[in-house]
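**Student:** First the structure, which I've put down as structure tokens, then a few questions once you've had a look.
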Amino acid sequence: MCNCHPEESTPQSIFKLWRPDDKEQPTPSQPGSTELYRPDIFETIEAKIKELDAELRELSLDIHAHPELGYEEYHAHDVYTAFMEKHGFEVTKQFHLPTAWKATFSHGSGGRTIGVNSEMDALKGIGHACGHNLIGISGVAVACAIKAALESHNISGKVVLLGTPAEEGGSGKVVLLEKGAYEGMDACLMCHPAPGPIGSVSLTSCLALQRLTVEYKGHTAHAALSPWEGKNALDAAVLGYNNISALRQQLRPTHRVHGIFEGKDWVPNIIPDYAKFICYVRAPTRKEMLETLNRVTPCFEAAALATGCEVKITQEGTTFDLRQNKALGGEVANIILNKYGSIDYEWGIKSASTDFGNVTYALPSLHPGFAIPTIVDGGNHTPGFTKSAATIEAHYACLDISKPLASTGVRVLIDDAFFANVQKTFKEDEKERGPL
């Protein structure tokens, strides 16, 4: 559910927004367990997030009002680290990367470690059109709520919150993963906003992604006086694009290939000697994506051969599909179904991509989506979603998913049988997905 304030205005939405004063509550998509694990701990988590409500709202709007591109999140870095220091965390600034950070809290002796992620970057020209201000404060809420539970219930363990830059095209988590930022974590949690029926939490996967930069080099010539002296790099790029268009008929409908042209010093009467095609190849799993990549690459090579140009194909970054840990997902689903709304496998970010996918391949992890009110055709990466990400309704939907995430994180720390099941399902998934 979305515990919205009745006096706040609601954006036009294609979905009905449930309010706490509504007589009819949302119906869960399936029955939950009759009991929650450690309701006393869950009450502590709810109370802590309620206590932080106003501070988290202020933090979210501050980040939303200061959008920063990937690896340039200096304002967000400073604001988040100051917030976490204020709330009793040990903070490491510029953690492996100039705008990344780590906030750690330990209690007792020994115990396991739960990881949490806060994203920070925005999109060029349209600001926080993917709701990273909400993802950021959710990480903060989860970490602070787990800290409160450790202290109040004298639990031994550690929570580590990472501020992760450049999710939008920069693969910040992949870089941090390679640098060892996730070492020592027993599991990792985060969430992501998207359109969908309000009160719904999605446990979908996402598409694996390979970014390509394809550069063609030719030879300039006067386009009218002596075009035969030239080798047209733009023609090569266009031909590569058209080759992919012809290939699409033979690709599965769940696969995606898309891109844009770039060039320099282009004028109509000079044959271009340089053109760039930036291309994304996506598929539901890493294995399928690599298979499609092997079919796309010859499209670019054939274009170079046909035009007499040289071609350079550079793989800029690979992100994997989300491998949602079934044990972690089952715990979150049980809490959502009992307390807040419904679980689905249709909304979320299943046709988008995220660098958190690589984290899910490395350790047991969960990345649920949560629905926020949106206008028609105002989904992620649109100006409409930028506005939606700042609404009070989106704020409370964010807090509602943060509570079960925090509770699940605490259960990882204290319930040996549950954690054994988390590890078991992770190993089973490793066998299913195949070797990296």
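In the numbering used here, the protein residues as written are 35 to 470.
Ideal Cβ positions, reconstructed from N, Cα and C, are used throughout, including at glycine.
Quick one: measure Cβ to Cβ for A228 and H130, integer angstroms, because I've assumed they're closer than 8 Å.
**Tutor:** Not confirmed; about 29 Å, so no contact.
**Student:** Please state the DSSP three-state secondary structure of H166.
**Tutor:** Three-state result, H166: helix.
**Student:** Here's the rule: buried if 16 or more other CB atoms are within 10 angstroms of the residue's CB, otherwise exposed. What is T348?
**Tutor:** Its Cβ having fewer than 16 others within 10 Å, T348 is exposed.
**Student:** Between the C-alpha atoms of C333 and F295, what's the straight-line distance to the nearest angstrom?
**Tutor:** Approximately 15 Å, taken between the alpha carbons.
**Student:** Looking at the unbroken alpha helix (DSSP H) that takes in N392, where does it start and where does it end?
**Tutor:** N392 -> alpha helix (DSSP H) spans F390 to A396.
**Student:** Which partner residues of P227 appear in the DSSP bridge assignment?
**Tutor:** DSSP output for P227 lists F404 as bridge partner(s).
**Student:** From what residue to what residue does the beta strand (DSSP E) around A137 run?
**Tutor:** W135 to H141 is the extent of the beta strand (DSSP E) around A137.
**Student:** With DSSP run on the structure shown, which of helix, strand or coil describes T238?
**Tutor:** The answer is coil: DSSP assigns T238 none of H, G, I, E or B.
**Student:** Taking T326 as part of the alpha helix (DSSP H), name the residues at either end of that continuous run.
**Tutor:** Its alpha helix (DSSP H) spans residues R320 to T341.
**Student:** Do you know how far the Cα of T138 is from the Cα of V125?
**Tutor:** Taking the straight line from one Cα to the other gives about 6 Å.
**Student:** Mind checking which residues open and close the alpha helix (DSSP H) that includes A423?
**Tutor:** Note, A423: premise wrong, no alpha helix (DSSP H); not H, not E.
**Student:** Decide yes or no for the touch test of the stretch 198-206 against the stretch 138-157: beta carbon pairs closer than 8 Å, at least 3 of them.
**Tutor:** Yes: the two stretches touch, three or more of their Cβ pairs being nearer than 8 Å.
**Student:** What residue does the beta strand (DSSP E) around N151 start on, and which one ends it?
**Tutor:** Unbroken beta strand (DSSP E) run through N151: T147 to E153.
**Student:** Would you report the Cα separation of P287 and E350, rounded to the nearest angstrom?
**Tutor:** If you take the alpha carbons of P287 and E350, they lie about 24 Å apart.
**Student:** Excluding sequence positions up to five away, which residues of its chain have a Cβ less than 7 Å from the Cβ of L397?
**Tutor:** The answer, listed in chain order, is Y216, M219, A221 and C222.
**Student:** Helix, strand or coil: which one does DSSP assign to G214?
**Tutor:** Three-state DSSP puts G214 in coil, outside helix and strand.
**Student:** In three-state terms, what does DSSP make of E296?
**Tutor:** It is a strand residue.
**Student:** Tell me the DSSP bridge mates of E344?
**Tutor:** In the DSSP output, where bridge partners are listed per residue, E344 has K251.
**Student:** In this structure, how does DSSP classify D378 when only helix, strand and coil are distinguished?
**Tutor:** Reduced to three states, the DSSP call for D378 is strand.
**Student:** If you count every other CB in all the chains shown that lies within 10 Å of the CB of K461, and 16 or more means buried, which is it?
**Tutor:** That one is exposed.
**Student:** Among A340, A258, G264 and V235, whose alpha-carbon lies nearest the alpha-carbon of N276?
**Tutor:** Measuring from the Cα of N276, the nearest candidate turns out to be A340.
**Student:** Measure the CB-CB distance between L90 and L433 and report whether it falls below 9 Å.
**Tutor:** Yes; because the gap between Cβ atoms is below 9 Å, this pair is in contact.
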